[in-house]
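Novice:
Protein chains: 2
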Amino acid sequence: MARAVPETHDEILAAAARLFAVTGYRGTSLQDIAREVGCSKATVLYHFANKEALLAELMAPAIAVLKDLDDQLTGLTGAVAQQAAAVGFVDLAVRFRGEIALLRGEFTELLCQPAFAHIQQISERLRAALAGHSDRPVDRITALVLLAGIPEACADFVDIPDDDLRSALLTLVRRAVEPVDTLMPHPPTTEDKDS
Amino acid sequence: MARAVPETHDEILAAAARLFAVTGYRGTSLQDIAREVGCSKATVLYHFANKEALLAELMAPAIAVLKDLDDQLTGLTGAVAQQAAAVGFVDLAVRFRGEIALLRGEFTELLCQPAFAHIQQISERLRAALAGHSDRPVDRITALVLLAGIPEACADFVDIPDDDLRSALLTLVRRAVEPVDTLMPHPPTTEDKDS
DNA sequence: TCAGACCCTGACCGATCGGTCAGATGGAAG
DNA sequence: CTTCCATCTGACCGATCGGTCAGGGTCTGA
Numbered sequence: 028m029a030r031a032v033p034e035t036h037d038e039i040l041a042a043a044a045r046l047f048a049v050t051g052y053r054g055t056s057l058q059d060i061a062r063e064v065g066c067s068k069a070t071v072l073y074h075f076a077n078k079e080a081l082l083a084e085l086m087a088p089a090i091a092v093l094k095d096l097d098d099q100l101t102g103l104t105g106a107v108a109q110q111a112a113a114v115g116f117v118d119l120a121v122r123f124r125g126e127i128a129l130l131r132g133e134f135t136e137l138l139c140q141p142a143f144a145h146i147q148q149i150s151e152r153l154r155a156a157l158a159g160h161s162d163r164p165v166d167r168i169t170a171l172v173l174l175a176g177i178p179e180a181c182a183d184f185v186d187i188p189d190d191d192l193r194s195a196l197l198t199l200v201r202r203a204v205e206p207v208d209t210l211m212p213h214p215p216t217t218e219d220k221d222s
Numbered sequence: 028m029a030r031a032v033p034e035t036h037d038e039i040l041a042a043a044a045r046l047f048a049v050t051g052y053r054g055t056s057l058q059d060i061a062r063e064v065g066c067s068k069a070t071v072l073y074h075f076a077n078k079e080a081l082l083a084e085l086m087a088p089a090i091a092v093l094k095d096l097d098d099q100l101t102g103l104t105g106a107v108a109q110q111a112a113a114v115g116f117v118d119l120a121v122r123f124r125g126e127i128a129l130l131r132g133e134f135t136e137l138l139c140q141p142a143f144a145h146i147q148q149i150s151e152r153l154r155a156a157l158a159g160h161s162d163r164p165v166d167r168i169t170a171l172v173l174l175a176g177i178p179e180a181c182a183d184f185v186d187i188p189d190d191d192l193r194s195a196l197l198t199l200v201r202r203a204v205e206p207v208d209t210l211m212p213h214p215p216t217t218e219d220k221d222s
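Listed in order, the protein sequences are those of chains L and W.
Just so we're aligned, residue 28 is where the first sequence starts under this note's numbering, counting upward by one.
Just so we're aligned, residue 28 is where the second sequence starts under this note's numbering, counting upward by one.
1. I'd like the list of long-range same chain contacts for F123/L, defined as Cβ closer than 6 Å, with 5 residues on each side in sequence excluded.
2. Tell me which same chain residues have a C-beta within less than 7 Å of the C-beta of E133/W, skipping the five on either side of it?
3. Can you confirm whether S222/W, when its beta carbon is compared against all beta carbons of chain L, has any partner nearer than 9 Å?
4. Around the C-beta of S161/L, are 16 or more other C-beta atoms found within 10 angstroms, so that it is buried, or is it exposed?
5. Mind checking which residues open and close the alpha helix (DSSP H) that includes G125/L?
6. Less than 9 Å between the C-beta atoms of A111/L and L93/L, yes or no?
7. Could you tell me whether the region 104 to 121 of chain W touches the region 148 to 156 of chain W, using the rule of 3 or more Cβ pairs below 8 Å?
8. Chain L partners of E136/W, CB-CB under 9 Å?
9. Just how far apart, CA to CA, sit A245/W and D186/W?
10. Would you mind reading off the limits of the alpha helix (DSSP H) that contains V49/L?
11. If I'm right that L199/L touches V172/W with Cβ under 8 Å, what's the distance once you round it to whole angstroms?
12. Is I187/W close to chain L, meaning its C-beta is less than 9 Å from at least one C-beta of that chain?
13. Rounded to the nearest angstrom, how far is the Cβ of R140/L from that of E79/L, given a contact under 8 Å?
14. With a cut-off of 8 Å on the beta carbons, I'd call L129/W and A44/W a contact; round off their distance for me.
15. Residues of chain L with a CB under 8 Å from the CB of G21/W: which are they?
16. If you check the beta carbons only, do L196/W and A106/W fall under 9 Å apart?
17. Can you give me the Cβ contacts of A91/L inside the same chain, cut-off strictly under 7 Å, excluding the 5 residues immediately before and after it?
18. So with Cβ pairs under 9 Å, would you call A155/W a contact of chain L?
19. What distance in whole Å lies between the Cβ atoms of I168/L and F116/W, which are believed to be in contact at a cut-off of 8 Å?
20. Give every residue of the same chain whose Cβ lies closer than 6 Å to the Cβ of E38/L, excluding the five residues on either side of it in the sequence, and list them in chain order.
21. Alpha carbon to alpha carbon, how far is D118/W from V49/W?
22. Pick out the complete alpha helix (DSSP H) segments inside the region 44 to 103 of chain L, 4 residues or longer, and give them in chain order.
23. Buried or exposed: E34/L, going by 16 or more other Cβ atoms within 10 Å of its Cβ?
24. Whose Cβ in chain W lies nearer than 8 Å to the Cβ of L199/L?
25. Measuring CA to CA, which of L137/W, L138/W and R131/W is closest to T135/L?
26. Quick one: which chain L residues come within Cβ less than 8 Å of D98/W?
27. Along the alpha helix (DSSP H) that carries V165/L, what are the first and last residues, could you check?
28. Am I right that T70/L and A61/L are in contact with their C-beta atoms under 8 Å? What's the rounded C-beta distance?
29. Residues of chain L with CB under 7 Å from L196/W, in chain order?
30. DSSP three-state call for G159/W: helix, strand or coil?
31. Can you tell me where the alpha helix (DSSP H) holding F134/L begins and where it ends?
32. Check the C-beta distance from R202/L over to A203/W and give it rounded, since I have them as a contact under 8 Å.
33. Assign D166/W to buried or exposed, taking buried as 16 or more other Cβ atoms, counted over all protein chains shown, within 10 Å of its Cβ.
34. In chain L, which residues lie less than 9 Å from F184/W when you measure between Cβ atoms?
Given below as structure tokens:
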């Protein structure tokens, strides 16, 4: 047998992506992946140190872009940071919605794995930026709802053109997020009155 | 041993709730629950047909209220349905955020289990109502983001008073959702122009 | 021709899981 | 005392999981 083409690595990656998208990460065993590729489970583990490493390689591009966004955000403050976070995150979610869909709701859970430990800190900073670094509940909650909801929505709308999805999401974010500058020197706003 | 008090059933339920909230449903084994209660795994399975039944009983109150909301929504259309869906869903999420937190991100995944099959249809109808039964991508996407994001946010803000959380979420929803009546006879709106 | 790197495999491992079952215990009813 | 039933348990089961390992085939380069 052996030595068909040394593309087994990529074939495994592709098979894993396909299966993860249908049955989820946890719901897909190494055996399943091996069967899909047409090789043995041991072969899968020859090309990847373990199951988590497989997932990590699958998510690497998305994570790299997320890290870029985080870098761009450091130093920015106020409405500028807010705007950059919004546009950057929406773009990220839309571009990598395939990868997001892979995780099928295991999203939050998976990020707790040691391999993705730093992601949590990044998303923490992203959330703060999107909230305009405000500590008002409304702003913090809004940021959290968007940050959790947008990836979920992206995973659901896989058959819509990128541009349509992006512009719809930006419309939503623009409506939902109140620019932080309008309340920077904290004068009473309409929000503060009716609480 | 045996026959301490016949409250074992409730003790198991409470222990399961505690553990699910920390380690999640999948991450908690029947063994773990038994250990927490101080009984054998077999005892847990004496009181509950299986692990899923335990979860179902834990979620029963929340599901009942969700079903009520669904009933109230049937027959309503347009902005009335939209408003009712928004208020009802936010209230539901806030009241049962403890139960939601139990699932720790397994939310979407768990609802695929056969015991919760009908929940999917309900949430489908809820989404449609929240979108004002519009088929514009912006509206459908907004509804989805909110429906996915709100529970997630509620699970995170466990230490905030109910009323504060509720009013913050309602403010967000009111901002994010465009009342469907303003575009019913579909005249060009500002949204349509800039896309 | 031979050595060694590379690729692949079947057999196997220990752990864990949800779930079953026959039987022990003990209080209540007759 | 005997019967009955609810409660509880240890031992056990089959399945599945991620992961290891020794070894076999094949290509390459000296």
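We treat Cβ as the ideally placed atom computed from N, Cα and C, and that holds for glycine.
Specialist: So, from the listed chains and residues:
1. Excluding sequence neighbours, F123/L sits near A89.
2. Same-chain partners within the cutoff: G51, Y52 and R53.
3. In this predicted model, S222/W has a pLDDT of only 33, less than 50, meaning its place in the structure is not dependable enough to derive any value.
4. With 16 or more neighbouring CB atoms inside 10 Å of its own CB, S161/L falls in the buried class.
5. From DSSP, the alpha helix (DSSP H) with G125/L extends over R124 to L129.
6. Contact flag unset, no.
7. A contact exists between the region 104 to 121 of chain W and the region 148 to 156 of chain W.
8. Correct list: G51, R53, G54, R131, G132, E133 and E136.
9. Coverage of chain W is limited to positions 28 through 222, which leaves residue 245/W absent and any answer about it impossible.
10. Note, V49/L: alpha helix (DSSP H), T35 to T50.
11. In this structure, L199/L and V172/W form a Cβ contact; the two beta carbons are roughly 6 Å apart against a cut-off of 8 Å.
12. Using a CB distance cut-off of 9 Å, I187/W counts as an interface residue toward chain L.
13. Before going further, note that residue 140/L is Gln rather than Arg in the sequence given. So it is a contact: roughly 6 Å between Cβ atoms.
14. Their Cβ separation, rounded to whole angstroms, is 6 Å, which keeps L129/W and A44/W in contact under 8 Å.
15. Residue 21/W lies beyond the stretch modelled for chain W, which goes from 28 to 222, so this question has no answer here.
16. No, Cβ-Cβ distance for L196/W and A106/W is not below 9 Å.
17. Cβ-Cβ distances below 7 Å link A91/L to nothing in the same chain once the five nearest sequence neighbours on each side are left out.
18. The Cβ of A155/W sits no closer than 9 Å to any Cβ of chain L.
19. Separation of the CB atoms of F116/W and I168/L is rounded to 15 Å, and the pair is thereby denied contact status at 8 Å.
20. Cβ neighbours of E38/L beyond the five flanking positions: V64.
21. Straight across, the Cα-Cα distance linking D118/W with V49/W is about 24 Å.
22. As far as the region 44 to 103 of chain L is concerned, its whole alpha helix (DSSP H) runs of at least 4 residues are 57 to 64, 68 to 74 and 78 to 100.
23. Looking at its Cβ environment, which holds fewer than 16 other Cβ atoms inside 10 Å, E34/L is exposed.
24. Neighbours of L199/L on chain W, chain order: V165, I168, T169, V172 and A203.
25. Checked all of L137/W, L138/W and R131/W; the closest Cα to T135/L is R131/W.
26. Under a criterion of Cβ atoms nearer than 8 Å, no residue of chain L is adjacent to D98/W; the nearest Cβ is some 25 Å distant.
27. Residues P164 to D183.
28. Approximately 7 Å separates the beta-carbon atoms of T70/L and A61/L; this is inside 8 Å, confirming the contact.
29. Identification of chain L residues near L196/W by a Cβ-Cβ cut-off of 7 Å yields I168, ordered along the chain.
30. It is coil, neither helix nor strand.
31. F134 to L137 is the extent of the alpha helix (DSSP H) around F134/L.
32. 5 Å between Cβ atoms; contact.
33. So D166/W counts as buried.
34. Simply P164, R167, I168 and L171.
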